[in-house]
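In our numbering, the protein residues as written are 1000 to 1510. Glycine included, C-beta positions come from ideal geometry on N, C-alpha and C. The structure presented is a predicted model; accordingly, all values stated were derived computationally and were not measured. Step one of this worksheet: look at the structure below.
Below you can see the structure in the form of structure tokens.
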């Protein structure tokens, strides 16, 4: 059956469910600092009710009140949001047990596999990421990470799939839930790596977890989950489950209460960013290093320092860690900052720099696999610089090399996008075409009727996408302007929407 749709101010609605002041100690924080504050909040009050206690929890946390609304188990691996479910389970009656096919019984599905933490407490019984699901599908999912399936070897009766990954950066076996529950899965995993961030270094990765508190996930998996979080906003069912879990266990999932925490910690895949399932997906950050995990020992001394962040290793020579730009930063004197190998190539690179103490303006050389691809300027004023169209595929190692032996320059918020053939092709457009695309405009705005007219050069646009303000994709049209300068749209209610035309984003209003 069709899911209940929330109002546009979904974050505000969700926040109303948390006790007053529950997240006050996290106010004003971002990045790793925010993640750490949230970890402390949701660790406090957490009551471990034991593994067998999950059966009791499910009688309030995993009941279908938003689809069939019939009191059956709400199973993300069998629920059909717009049709009749293939089977249903009665709470407490159809518990596994044994199973051989779908529909035999339901059991306890650890969204983060329990093998990664050796079935230890309190993780093994934490209801916030352990769902009541069909036993057969749970068994097929096994301990594989979540990602975009290219070629499926198994498909459940509601369309959940197991198969080879087509997600950029990982080629193993993955499990993909249906679109309706991709955001649910992402927010459960975000909860896990936040609640248990201090233990991540002792867990196995399972090709999904990172081994440090921040970012807490491997880069490829983080990219997938950010996209899923944006594509599938928080639902009424998630809010209800979060409230029931709080009553049962004493803590909450902050990414359901306030979905904006995701972007504030890890960055944002952007409204309507598609699932990074193919190499042609532009825009999602491949690496996003905030330097929150740099070693603090002998902070004011110049020495070589190594750490792990954003899912890869880093080395800074002749460096210190006591200077800041945006929270923590690495300051390099007569040395360089070099990444470990990243498997997804590089499209464009962005970094913030600032000259510290005395000295003169200068530049860093940016090298990819040892070859200089551009320079980054620095001065006494903090500035952010982007080098576009680097476009190198495969494994890459990125270095920023200080051209001065005496200038002491802080580096912060270093990130680069994954290489994509789609981005490279876009870069080959002539400057005239690029300028024309930037001048696109919806008219009239607000629109009337079910048609959008667009001014500007539209003949080269390959795809149009319409999203609501929560990033939910509503319509996709390939070659949208092949027959003129307007797009026929489906029935849209009054409100504000986003029109994405290749790399241009326009806002329009429906009366």
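Buried/exposed call for residue 1131, threshold 16 Cβ in 10 Å: buried
Burial state of residue 1118 (16 or more Cβ within 10 Å): exposed
Opening and closing residue of the alpha helix (DSSP H) in which residue 1140 lies: 1134 to 1140
Inter-residue Cα distance where the pair is residue 1082 and residue 1071: 16 Å
Environment of residue 1269 [buried if 16+ CB atoms lie within 10 Å]: In this prediction, residue 1269 scores a pLDDT of 39, lower than 50, which makes its location untrustworthy; no coordinate-derived value is stated.
For residue 1116, the three-state DSSP class (helix, strand or coil): helix
Top-ranked residue by Cα proximity to residue 1503, from 1471, 1207, 1454 and 1491: 1454
C-alpha distance - residue 1330 paired with residue 1037, whole-angstrom precision: 28 Å
Opening and closing residue of the alpha helix (DSSP H) in which residue 1218 lies: 1218 to 1230
Between the CA atoms of residue 1485 and residue 1510 - distance to the nearest angstrom: 17 Å
Under the three-state DSSP convention, the category residue 1496 falls into: strand
First through last residue of the beta strand (DSSP E) which encompasses residue 1317: 1311 to 1319
C-alpha gap between residue 1511 and residue 1377, whole angstroms: Absent from the model: residue 1511. The displayed extent of the chain is 1000 to 1510, so no value can be given.
C-beta atoms of residue 1167 and residue 1219 nearer than 8 Å: yes
For residue 1025: DSSP bridge partner residues: In the DSSP output, where bridge partners are listed per residue, residue 1025 has none listed.
Beta strand (DSSP E) runs wholly inside the stretch 1039 to 1118, at least 3 long, in chain order: 1105 to 1109
Buried versus exposed call for residue 1515 [16 or more other C-beta atoms within 10 Å across all chains shown]: Because the chain in this structure spans residues 1000 to 1510, residue 1515 falls outside the shown range and cannot be described.
Cβ neighbours of residue 1254 in the same chain (closer than 7 Å, five flanking residues each side left out): 1186, 1189, 1190, 1260 and 1261
CB-CB length for residue 1322 against residue 1045, believed under 8 Å: Actually they are not in contact, since the Cβ atoms of residue 1322 and residue 1045 sit about 37 Å apart, beyond 8 Å.
Enclosing alpha helix (DSSP H) for residue 1376 [first to last residue]: No alpha helix (DSSP H) contains residue 1376, which is instead part of the beta strand (DSSP E) from 1370 to 1377.
Assigned exposure category for residue 1352 - 16 Cβ within 10 Å defines buried: buried
Burial state of residue 1442 (16 or more Cβ within 10 Å): exposed
According to DSSP, residues forming a beta bridge with residue 1145: 1174
Start-to-end residues for the beta strand (DSSP E) that takes in residue 1452: 1450 to 1454
Beta-carbon proximity of residue 1403 to residue 1344, cut-off 8 Å: no
Inter-stretch contact (C-beta, 8 Å, three-pair minimum) for the stretch 1057 to 1069 and the stretch 1234 to 1243: yes
Simplified DSSP state of residue 1439, which is helix, strand or coil: coil
Collapsed DSSP secondary structure at residue 1159 in the structure displayed: coil
Beta-bridge partners of residue 1306, as assigned by DSSP: 1313
Anticipated Cβ contact below 8 Å, residue 1310 with residue 1209, distance rounded: 6 Å
Which residues DSSP lists as bridging residue 1363, in chain order: 1375 and 1401
Spatially closest choice to residue 1449 from 1478, 1464, 1105 and 1492, by CA coordinates: 1492
Reference residue 1108; option with closest CA among 1084, 1086, 1174 and 1147: 1174
Identity of the residue in 1163, 1440 and 1149 nearest residue 1143 by Cα: 1163
Backbone CA spacing between residue 1463 and residue 1379 [nearest angstrom]: 43 Å
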